[in-house]
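What follows is one structure encoded as structure tokens, with my remarks underneath.
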Amino acid sequence: MEEEPRTTAVADRQSPRRLLETSTVFEGKVWDVLRETFTLNDNGESITREFIQHPGAVAILAMDEKERVLLIRQYRHPVRMDLWEIPTGLLDMDGEDFVDAAARELAEEADVTADTWHVLADLFLSPGSSSEALRIYLAQGVTEVPHEERHTRTHEEAEIELAWVPLQDAVDAVLGGRIHSPSAAAAVLAAAAAKLAGYSSLRPADSPWPEHPSQHGTWPSGPVLRA
666 MEEEPRTTAV ADRQSPRRLL ETSTVFEGKV WDVLRETFTL NDNGESITRE
716 FIQHPGAVAI LAMDEKERVL LIRQYRHPVR MDLWEIPTGL LDMDGEDFVD
766 AAARELAEEA DVTADTWHVL ADLFLSPGSS SEALRIYLAQ GVTEVPHEER
816 HTRTHEEAEI ELAWVPLQDA VDAVLGGRIH SPSAAAAVLA AAAAKLAGYS
866 SLRPADSPWP EHPSQHGTWP SGPVLRA
């Protein structure tokens, strides 16, 4: 009888390589572009790549007691579209706790708070061109922020529209190609999968997040040349 093939645990892993040189080739209002030269192994050829240096972000799928999820519609200029998304914000405040940042963004962009938080998914949104790490939370036990305490939204956020959508309808919108935001799509599909286990499989909100840049160790084998 043939042996059953062994099941390999599927998990990404940290894989630092020898960094030879790094320089900033563009400084932007929100993020910079880096050029780095590295080798895959000690005897390997040097490789140069350019990518966006990103502070990371958090996103929130708020869910009410009827299992409706909160979607927001916002204009995104690079794609020239109004997209249905979930509240999302940059981690650009030094030392801010990840969950605190998520709670702040939920209140500012969607006018709600939540008393129960879990990690829904961790993503790299475009790992070939950006260092952006995104943590998506499931926020339950939601309450509206009083009108007099609501954040004044500006620029594109001033046009935000809110909609509470049944979870299955949101899943259908993703699978039907009507929702294009990667954070919203991942959150909705992850929530639908988690629902099958009564959300008991989700990680605590304060679970470690070693993939976020602030948690990275140093590069092995120096020196690193900075232009």
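Quick note: the sequence shown uses my numbering, first residue 666, plus one each step. Ideal placement from N, C-alpha and C gives every residue a C-beta, glycine not left out. These numbers were taken from a predicted model, which means no experiment stands behind them.
Excluding its 5 nearest sequence neighbours in each direction, ALA850 has C-beta neighbours in its own chain below 8 Å: VAL839 and ILE844, listed in chain order.
Ranking ARG815, THR781, ARG800 and THR702 by CA distance to the CA of LEU756 puts ARG800 first.
Closest in alpha carbon position to LEU790, among ARG714, ALA724 and ALA674, is ALA724. In the DSSP assignment, LEU755 falls within the beta strand (DSSP E) that extends over 753-755.
Rounded to the nearest whole angstrom, the C-alpha separation of THR673 and THR819 is 48 Å. Shown here for LEU771: same chain residues with a beta carbon closer than 8 Å to its own, the five before and five after excluded, namely ILE725, ALA727, PRO752, VAL777, THR778, ALA779 and ALA804 in chain order. The Cβ atoms of GLU822 and GLU774 lie closer than 9 Å to each other. When GLY841, GLU750 and MET758 are compared, the shortest CA-CA separation from VAL695 is found for MET758.
By the CB criterion at 9 Å, GLN718 and LEU699 fall inside the cutoff.
Residue range 847-860 is occupied by the alpha helix (DSSP H) that includes PRO847. Counting only residues of its own chain and dropping the five nearest sequence neighbours on each side, LEU867 has a CB closer than 6 Å to the CB of HIS783 and ALA859. For ARG843, the secondary structure class from DSSP, reduced to helix, strand or coil, is coil. In the three-state DSSP reduction, ASP697 falls in the strand class (E or B).
Between ARG738 and TRP829, the C-beta spacing is not below 9 Å.
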